[in-house]
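K.L.:
As you go down the protein sequences, you meet chains A and B in turn.
For the first sequence, this note's numbering assigns the number 1 to the initial residue and increments by one for each residue that follows.
For the second sequence, this note's numbering assigns the number 1 to the initial residue and increments by one for each residue that follows.
Think of the CB as a built atom: it goes at the ideal place given N, C-alpha and C, for glycine as much as any other residue.
Number of protein chains: 2
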Amino acid sequence: MSDKQAAADFLLSHDNYEILTHAYPDGDTLGSGYALCLALQQLGKNARVINTNLPKDFVFLTEGVTDQDFEAETIVSVDVAAESLLGSNEKAYAGRIGLCIDHHQISRVPAPVRCVDPTAASNCEILFEIFPLMGVKLTKQLANCLYTGVSTDTGCFKYGNTTSRTLRIAADLLDMGIDAAGINKVMFDTKTKKKIRLEQEIYQGLEYCADDRCAMIAVTIDMQQRLGVRDDELEGLASIPRQIEGVEIGFTLREKEKNVFKISVRSSRNVNAAQFCAQFGGGGHAEAAGCQLSGTLEEVKATLKAAVNEVL
Amino acid sequence: MSDKQAAADFLLSHDNYEILTHAYPDGDTLGSGYALCLALQQLGKNARVINTNLPKDFVFLTEGVTDQDFEAETIVSVDVAAESLLGSNEKAYAGRIGLCIDHHQISRVPAPVRCVDPTAASNCEILFEIFPLMGVKLTKQLANCLYTGVSTDTGCFKYGNTTSRTLRIAADLLDMGIDAAGINKVMFDTKTKKKIRLEQEIYQGLEYCADDRCAMIAVTIDMQQRLGVRDDELEGLASIPRQIEGVEIGFTLREKEKNVFKISVRSSRNVNAAQFCAQFGGGGHAEAAGCQLSGTLEEVKATLKAAVNEVL
Chain A
1 MSDKQAAADF LLSHDNYEIL THAYPDGDTL GSGYALCLAL QQLGKNARVI
51 NTNLPKDFVF LTEGVTDQDF EAETIVSVDV AAESLLGSNE KAYAGRIGLC
101 IDHHQISRVP APVRCVDPTA ASNCEILFEI FPLMGVKLTK QLANCLYTGV
151 STDTGCFKYG NTTSRTLRIA ADLLDMGIDA AGINKVMFDT KTKKKIRLEQ
201 EIYQGLEYCA DDRCAMIAVT IDMQQRLGVR DDELEGLASI PRQIEGVEIG
251 FTLREKEKNV FKISVRSSRN VNAAQFCAQF GGGGHAEAAG CQLSGTLEEV
301 KATLKAAVNE VL
Chain B
1 MSDKQAAADF LLSHDNYEIL THAYPDGDTL GSGYALCLAL QQLGKNARVI
51 NTNLPKDFVF LTEGVTDQDF EAETIVSVDV AAESLLGSNE KAYAGRIGLC
101 IDHHQISRVP APVRCVDPTA ASNCEILFEI FPLMGVKLTK QLANCLYTGV
151 STDTGCFKYG NTTSRTLRIA ADLLDMGIDA AGINKVMFDT KTKKKIRLEQ
201 EIYQGLEYCA DDRCAMIAVT IDMQQRLGVR DDELEGLASI PRQIEGVEIG
251 FTLREKEKNV FKISVRSSRN VNAAQFCAQF GGGGHAEAAG CQLSGTLEEV
301 KATLKAAVNE VL
């Protein structure tokens with residue numbers, strides 16, 4: 001029995017679901033969460049999505065979801081690579097997850113049933129394949145949710161994780177009549193004026209190291225407060241450093257609290273970002289990973305530069 | 001008989017081809033040109049591609065093309081909406097085109113056989129469908145060429161012209177084992193350091209009008225020379241103004257020669273960019289079009305602002 005069949009059987013044989021998404025939610029975890037919630041409700045079950053927060057650009061995913069009053073019995077995590085990534089929900093849910101659906105290479109959520117497919121570019125791809133096994137009928141709103149995950153986790157089909165399977169799934173979703181271009185415009189092509197000013201400032205602080213094979217940018221709390229930039233407006237910054245010609249590994253440092261930095265790492269094919277982050281207790285994908293470092297901005301930069309010189 | 005069958009029959013029954021691409025060549029015209037050249041050579045015919053120039057990022061498209069010595073007999077244009085868009089090749093080739101393969105809404109090249117399909121997101125989509133009718137075998141290098149057109153003309157499947165047909169064609173091309181992510185990185189995600197400095201300067205000159213529903217940026221000859229930025233490094237700038245939240249029409253002004261500006265227009269769905277450009281003798285697609293205006297930078301901006309106030 002395939003993992004997907006096992007997941008479908010689990011979902012059909014339980015009820016009263018809480019679906020967990022990861023902290024700092026993105027299009028794939030939220031698209032997965034609301035798609036699964038809609039699918040379960042379509043089958044007459046009770047379900048709700050549990051987020052740490054819901055950025056305003058993703059509110060459209062909640063359309064069609066019914067607010068149901070029930071006592072939770074079954075916990076499912078979607079696109080969550082480790083319980084620690086549940087953020088403020090970790091304490092309440094750790095150890096209680098019954099089904100983990102995930103696509104990360106390193107996937108560590110303990111659960112009696114695990115459906116993990118790292119060949120899927122997005123978690124939504126996996127759900128697209130589980131739903132028919134459950135007898136779920138694809139609807140336009142399900143397609144909206146799944147497309148959001150499929151598109152955002154591949155950089156709109158730009159990155160190396162995109163396969164012909166990804167593109168054929170996206171084609172089937174487009175056939176449901178969704179406004180894919182509208183979704184993509186919000187996800188990839190919309191910048192607020194404040195964000196433009198922030199980018200200007202970020203570029204001014206752009207630093208190179210390792211013979212320009214590494215570049216790094218930083219967003220401090222001060223910059224964010226001064227320009228009034230919301231957290232969800234920081235999406236997309238992580239890809240800036242690696243876009244520079246010749247750069248093989250790029251860091252985006254984001255100050256989460258005073259002297260604590262979240263580091264987003266993006267690399268070209270010959271540098272493993274997940275391995276790089278592992279030395280600092282982080283993880284992720286081969287070309288996109290993350291970790292956390294404490295210290296002043298200059299200290300954190302120095303730590304990263306030293307580590308890069310080991311790798312490059 | 002469909003247009004595509006007519007095009008296939010034409011291509012099978014002639015020989016000694018010159019394939020014309022449009023001036024300021026992009027991924028779709030060049031991808032189409034080299035794909036068609038490879039296809040014809042695969043069938044034992046003579047063919048070459050005629051460009052005004054070949055930006056270095058596109059040189060990989062020429063791989064596998066044999067340099068053949070022959071006297072041209074048959075002229076085919078690919079992705080050329082009007083003879084005036086042949087640039088420096090217009091004089092030599094106008095009135096001599098035997099087959100026009102194009103996907104523009106307004107397509108005006110006079111030719112005895114015309115295969116024009118405006119429902120195709122890219123010209124390469126059309127060729128993908130013509131090749132089987134000619135008995136051409138899809139190869140990896142053909143797939144490289146076709147993918148480049150399919151991807152670049154849809155903004156990597158991001159824009160509203162992308163259909164499920166587009167995505168299924170892209171899936172078939174990926175199945176040929178091409179390095180799609182590598183192509184996309186060059187086409188969409190690589191910036192030189194000079195280009196980053198140029199963008200900085202462009203953002204400083206960003207102007208809004210019509211209650212911030214219109215934004216415009218400009219690249220002058222002075223800026224380009226001072227920063228040493230090549231023409232082909234200016235690709236992608238056209239999408240900047242419309243990316244700003246609330247902007248419905250965006251202009252990118254590029255000074256081609258002193259006081260002569262090429263205007264790239266990008267619009268949201270409720271404003272027709274092609275119609276807007278038509279009043280200045282230009283044209284293009286509903287959401288992406290272009291025209292040319294003469295005058296000082298300030299004069300050209302004033303002309304555009306006045307025209308925008310008529311439309312918005």
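1) For the candidate residues 143(A), 227(A), 257(A), 240(A), whose alpha-carbon lies nearest to that of residue 264(A)?
2) Taking C-beta pairs closer than 7 angstroms, name the residues in chain A that residue 237(B) reaches, listed in chain order.
3) Cβ atoms of residue 159(A) and residue 181(B): under 7 angstroms apart, would you say?
4) Can you list the residues of chain A that residue 159(B) reaches, using a CB-CB cut of under 8 angstroms?
5) DSSP has residue 301(B) in a bridge; who is on the other side?
6) Quick one: which residues of the segment 198-224 of chain A get their C-beta closer than 7 angstroms to a C-beta of chain B? List them in chain order.
7) What number of angstroms, rounded off, separates the C-alpha of residue 80(A) from the C-alpha of residue 176(B)?
8) Should residue 79(B) be flagged as near chain A, meaning a C-beta pair shorter than 7 angstroms?
9) Who pairs with residue 54(B) in a beta bridge, going by DSSP?
10) Select from 309(B), 88(B), 14(B), 56(B) the residue whose C-alpha is nearest the C-alpha of residue 211(B).
11) To the nearest angstrom, how far is it from the Cα of residue 253(B) to the Cα of residue 2(A)?
12) Under DSSP, the alpha helix (DSSP H) around residue 156(B) begins and ends at which residues?
13) Near residue 8(B), what residues of its chain come up, given a Cβ to Cβ distance below 6 angstroms and the 5 sequence neighbours on each side ignored?
14) If you draw a straight line from the C-alpha of residue 193(A) to the C-alpha of residue 209(B), how long is it?
15) Sort 217(B), 216(B), 215(B), 234(B) by Cα distance to residue 224(B) and report the nearest one.
16) Kindly list the residues whose CB is nearer than 7 angstroms to the CB of residue 188(A), restricted to its own chain and excluding five residues on each side of it in sequence; keep chain order.
17) Which residue wins for smallest C-alpha separation from residue 298(A), given the options 277(A), 113(A), 219(A)?
18) Return the Cβ separation of residue 206(B) and residue 227(B) in integer angstroms, given the expectation that the two are a contact with Cβ distance under 8 angstroms.
19) What span of residues does the alpha helix (DSSP H) with residue 194(B) cover, start to end?
20) Check the DSSP bridge columns for residue 290(B) and list the partner residues they point to.
21) Just to confirm my understanding: we take residue 59(B), look at its own chain, exclude 5 residues before and 5 after, and list those with CB closer than 6 angstroms. What are they?
22) In chain order, what residues of the same chain have a beta carbon less than 6 angstroms from the beta carbon of residue 287(B), not counting five sequence neighbours either side?
23) Kindly list, in the order they appear in chain A, the residues whose Cβ is closer than 8 angstroms to that of residue 175(B).
24) Apply the 10 Å Cβ neighbour rule to residue 32(B) and answer buried if 16 or more other Cβ atoms are within range, or exposed otherwise.
25) When you compare the CB of residue 192(A) with every CB in chain B, is at least one pair closer than 7 angstroms?
26) Tell me, please, whether the CB atom of residue 266(A) is closer than 7 angstroms to any CB atom in chain B?
27) Does the beta carbon of residue 249(B) come closer than 7 angstroms to any beta carbon on chain A?
28) Can you give me the C-alpha to C-alpha distance between residue 43(A) and residue 70(A), rounded to a whole angstrom?
29) Is there a Cβ of chain A sitting closer than 7 angstroms to that of residue 142(B), yes or no?
30) Step through the CB atoms of chain A and report whether any lies within less than 7 angstroms of the CB of residue 170(B).
31) How would you list, in chain order, the residues of chain B whose beta-carbon sits under 8 angstroms from the beta-carbon of residue 316(A)?
32) With DSSP collapsed to three states, give me the class of residue 211(B).
33) Would you call the segment 21-31 of chain A in contact with the segment 113-125 of chain A, where contact means no fewer than 3 C-beta pairs closer than 8 angstroms?
34) Tell me whether residue 219(B) sits in a helix, a strand or coil according to DSSP, three-state version.
35) Run through chain A and tell me which residues come within less than 9 angstroms of residue 145(B), C-beta to C-beta.
36) Using the rule of at least 16 other Cβ atoms within 10 Å of the residue's Cβ for burial, across every protein chain shown, is residue 141(A) buried or exposed?
P.N.:
Checking against the coordinates, here is how it stands:
1) For residue 264(A), the closest of 143(A), 227(A), 257(A), 240(A) by C-alpha to C-alpha distance is 240(A).
2) Using a Cβ-Cβ cut-off of 7 angstroms, residue 237(B) is close to nothing in chain A; its nearest Cβ partner there is about 14 angstroms away.
3) Yes, they are a contact pair.
4) Neighbours of residue 159(B) in chain A, taken as residues whose beta carbon is under 8 angstroms from its own, are 181, 184 in chain order.
5) In the DSSP assignment, residue 301(B) is bridged to no other residue.
6) Taking 7 angstroms as the Cβ-Cβ cut-off against chain B, the residues of the segment 198-224 of chain A that qualify are 200, 203.
7) If I take the Cα positions, the gap works out to 33 angstroms.
8) Residue 79(B) does not count as touching chain A.
9) The partner list for residue 54(B) (beta bridge, DSSP) is empty, contrary to what the question assumes.
10) Distance from the Cα of residue 211(B) is smallest, within the candidate group 309(B), 88(B), 14(B), 56(B), for 309(B).
11) Annotation: residue 253(B) to residue 2(A) spans about 56 angstroms, alpha carbon to alpha carbon.
12) Where residue 156(B) is concerned, there is no enclosing alpha helix (DSSP H), given that its DSSP letter is neither H nor E.
13) Within the same chain, residue 8(B) has close Cβ partners 130, 133, 134.
14) Roughly 14 angstroms between the two C-alpha positions.
15) The residue from 217(B), 216(B), 215(B), 234(B) with its alpha-carbon nearest to that of residue 224(B) is 234(B).
16) Around residue 188(A): 156.
17) It is 219(A) whose Cα lies nearest to the Cα of residue 298(A).
18) Rounded, the Cβ-Cβ distance is 17 angstroms, inconsistent with contact.
19) Residue 194(B) -> alpha helix (DSSP H) spans 193-204.
20) Looking at the DSSP assignment, residue 290(B) forms a beta bridge with 264(B), 283(B).
21) In its chain, beyond the 5 residues on either side, no residue has a beta carbon closer than 6 angstroms to the beta carbon of residue 59(B).
22) Same-chain partners within the cutoff: 267, 273.
23) By Cβ distance, chain A contributes 164.
24) Under this definition residue 32(B) is a buried residue.
25) By this cut-off, residue 192(A) is an interface position.
26) Chain B has no Cβ within less than 7 angstroms of the Cβ of residue 266(A).
27) With a threshold of 7 angstroms between beta carbons, residue 249(B) makes no contact with chain A.
28) Inter-residue distance for residue 43(A) and residue 70(A) is about 16 angstroms (C-alpha atoms, whole angstroms).
29) Interface annotation, residue 142(B): not in contact with chain A, CB-CB separation never under 7 angstroms.
30) Interface residue, yes.
31) A query on residue 316(A) cannot be resolved here, the shown segment of chain A reaching from 1 to 312 and no further.
32) Three-state result, residue 211(B): coil.
33) By the criterion of at least three beta-carbon pairs nearer than 8 angstroms, the segment 21-31 of chain A is in contact with the segment 113-125 of chain A.
34) Strand at residue 219(B).
35) Residues of chain A passing the Cβ test: none, with the nearest at roughly 18 angstroms.
36) Answer is buried; the Cβ neighbour count reaches 16.
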